[in-house]
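Participant: Once you've had a glance at the structure underneath, I'll fire off some questions.
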Amino acid sequence: MKNKIEILALVLSILCVCVTGGACAVSFMQIEEANQKIAALESEIQKIEKVQETAGQTEAETAKQQTETETKIETETETETQTETERVQIETEQQTETETETEQKQENGFTVAIDPGHQGSWVDMSAQEPSAPGSTVMKAKATTGTAGSFTQIPEYELNLDISLALQTELENRGYRVVMTRTDNDTAISNAERAVKAYEEGGDIYVRIHANGSEDSSVSGALGMTPSYDNAYVGHLAEESYRLTDCILSAYCQETGFGDLGIQYHDDMTGINWSQIPVTILEMGFMTNEHDDTAMADEAMRQKMVMGIANGVDQYFGR
């Protein structure tokens, strides 16, 4: 800027001399030199202005980029916070649902003892035990049971499969379940099963069996219960009959199996040793083609389990 002022002063002095009529002693070379300096100065000024403009743009872009970066960071932080909040909320809801389900499974206060009839054929249960408390009549501790004439499925295997599925269904409905056995290797007698059902807090004792007959045309389900004249558990006859009726009716309704009714049995160890209402459900005849193949079908097994569980609900007024 200083050079520009000096040149402008020189030009003004020349003009002043010319105007006042003074001698014009400025040569052509001086004027040319002045013009060159002015041109150089203007070029320098343009460069400075361009640099300033560029610097201003760069500063603006930097500020913009910084703002965008800060905004992005804030957005990502908010997103992460929101995601974490949602995750915690989901986990909390899941935990609440789990706790609610657990509470529901324990809320009804009833305990069902389930006895999957028989055991594996390799388990020796031929030793004898009293058929009732204090009785002199002795019977084998347990037997192997029958087998499917058409499916070849052993009864002890069918009984256990249905019983385990029934355990799960009843627990889902809020019952506590006691199992007399959970595998086919357990050596436990009929008397011991009945005692276990009582000692472990069972309110009812449901014995799961399948039937067999020399007549392959016989089919359907039936229930067994102690009579009122039973010398050992006659006092349980009324409630045992009601339990048997509830389970048999619901089972046949759900599965479509024929209802062969309720039979009284006072000669069965597992009934005579019971201290709580007791029933035996004979789910179907494994010697009958329809019953045998039906009880091997997974869809039918689900109906069998649902029918028994519905009968338990009916007994407890649920």
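This note's numbering applies: residue 17 is where the sequence shown begins, and numbers increase by one.
The beta-carbon is built from N, C-alpha and C at its ideal position, and this holds for glycine as well.
Suppose you measure from the CA of Q168 to the CA of D308; what does that come to, to the nearest Å?
Facilitator: What you label residue 168 is simply residue 152 of the sequence shown in a count that begins at 1. What you label residue 308 is simply residue 292 of the sequence shown in a count that begins at 1. In a straight line, the C-alpha of Q168 is about 9 Å away from that of D308.
Participant: Looking at the strands, I want to know which residues DSSP matches up with P132.
Facilitator: Taking the first residue of the sequence shown as 1, we reach residue 132 at position 116. Beta-bridge pairing links P132 to I224.
Participant: Check for me: the alpha helix (DSSP H) holding G286 runs from which residue to which?
Facilitator: If you number the sequence shown from 1, residue 286 lands on position 270. Start and end: T285 to N288.
Participant: May I have the straight-line CA-CA distance separating A153 from V222, to the nearest angstrom?
Facilitator: In the sequence shown, residue 153 corresponds to position 137, counting from 1. In the sequence shown, residue 222 corresponds to position 206, counting from 1. Per the sequence shown, the amino acid found at residue 153 is Val instead of Ala. Looking at the two C-alpha atoms, the distance is approximately 24 Å.
Participant: With 16 other CB atoms within 10 Å as the buried threshold, where does W289 fall?
Facilitator: Position 273 of the sequence shown, counted from the first residue, corresponds to residue 289. When all chains shown are included, W289 counts as buried.
Participant: Suppose contacts are defined by Cβ-Cβ distances below 7 Å. Is G133 in contact with I263 by that definition?
Facilitator: On the sequence shown, residue 133 is found 117 positions in, with the first residue counted as 1. On the sequence shown, residue 263 is found 247 positions in, with the first residue counted as 1. Their beta carbons are not under 7 Å apart, which means G133 does not touch I263 by this criterion.
Participant: Buried or exposed: which applies to A156, given that a residue is buried once 16 or more other Cβ atoms fall within 10 Å of its Cβ?
Facilitator: What you label residue 156 is simply residue 140 of the sequence shown in a count that begins at 1. Answer is exposed; the Cβ neighbour count stays below 16.
Participant: What's the gap between the Cα of A213 and the Cα of A129?
Facilitator: Within the sequence shown, residue 213 is the residue found at index 197, counting from 1. Within the sequence shown, residue 129 is the residue found at index 113, counting from 1. Going from the Cα of A213 to the Cα of A129 covers about 5 Å.
Participant: Is the beta carbon of Y280 closer than 7 Å to that of S243?
Facilitator: Looking up residue 243 in the sequence shown gives position 227. Looking up residue 280 in the sequence shown gives position 264. Yes, Cβ-Cβ distance for S243 and Y280 is below 7 Å.
Participant: Is V328 closer than 7 Å to A185 when the C-beta atoms are compared?
Facilitator: Your numbering for residue 185 matches position 169 in the sequence shown. Your numbering for residue 328 matches position 312 in the sequence shown. Correcting the residue type first, residue 185 is Glu in the shown sequence and not Ala. Not in contact: E185 and V328 (Cβ atoms no closer than 7 Å).
Participant: Please say whether S232 and N304 have beta carbons closer to each other than 7 Å?
Facilitator: Start at 1 with the first residue of the sequence shown, and residue 304 comes out as number 288. Start at 1 with the first residue of the sequence shown, and residue 232 comes out as number 216. For N304 and S232, yes; Cβs fall inside 7 Å.
Participant: Taking the alpha-carbon positions, what's the G236 to R103 distance?
Facilitator: Here residue 236 refers to the residue found at position 220 of the sequence shown. Here residue 103 refers to the residue found at position 87 of the sequence shown. C-alpha separation (whole angstroms): 53 Å.
Participant: Would you call R334 buried or exposed, if buried means 16 or more other Cβ atoms sit within 10 Å of its Cβ?
Facilitator: Position 318 of the sequence shown, counted from the start, is the residue given in the question as residue 334. Exposed is the call here.
Participant: Measuring only the C-alpha atoms, how far is H395 from Q105?
Facilitator: Since the first and last residues shown for the chain are 17 and 334, residue 395 lies out of range.
Participant: Quick check: what's the CA-CA separation for S147 versus Q291?
Facilitator: The sequence position of residue 147 within the sequence shown is 131, counting from 1. The sequence position of residue 291 within the sequence shown is 275, counting from 1. Spanning the two alpha carbons is a distance of roughly 14 Å.
Participant: Tell me which residues share the same chain as M240 and place their Cβ nearer than 6 Å to its Cβ, disregarding the 5 neighbours each side in the sequence.
Facilitator: As a first step, residue 240 must be located in the sequence shown, where it is residue number 224. Counting only Cβ-Cβ distances below 6 Å, and skipping sequence neighbours, we find Q279, H281 and I296.
Participant: For E298 versus N227, is the C-beta spacing smaller than 7 Å?
Facilitator: If you number the sequence shown from 1, residue 298 lands on position 282. If you number the sequence shown from 1, residue 227 lands on position 211. Yes, the Cβ-Cβ distance between E298 and N227 is below 7 Å.
Participant: Could you tell me the alpha carbon to alpha carbon distance between F301 and G164, rounded to whole angstroms?
Facilitator: Within the sequence shown, numbered from 1, the residue matching residue 301 stands at position 285. Within the sequence shown, numbered from 1, the residue matching residue 164 stands at position 148. Distance between the alpha carbons of F301 and G164: 8 Å.
Participant: For a test of the three-state rule: what should DSSP assign to Y244, helix, strand or coil?
Facilitator: Locating residue 244 in the sequence shown gives position 228, counting from the first residue. Of the three classes helix, strand and coil, the one that applies to Y244 here is coil, per DSSP.
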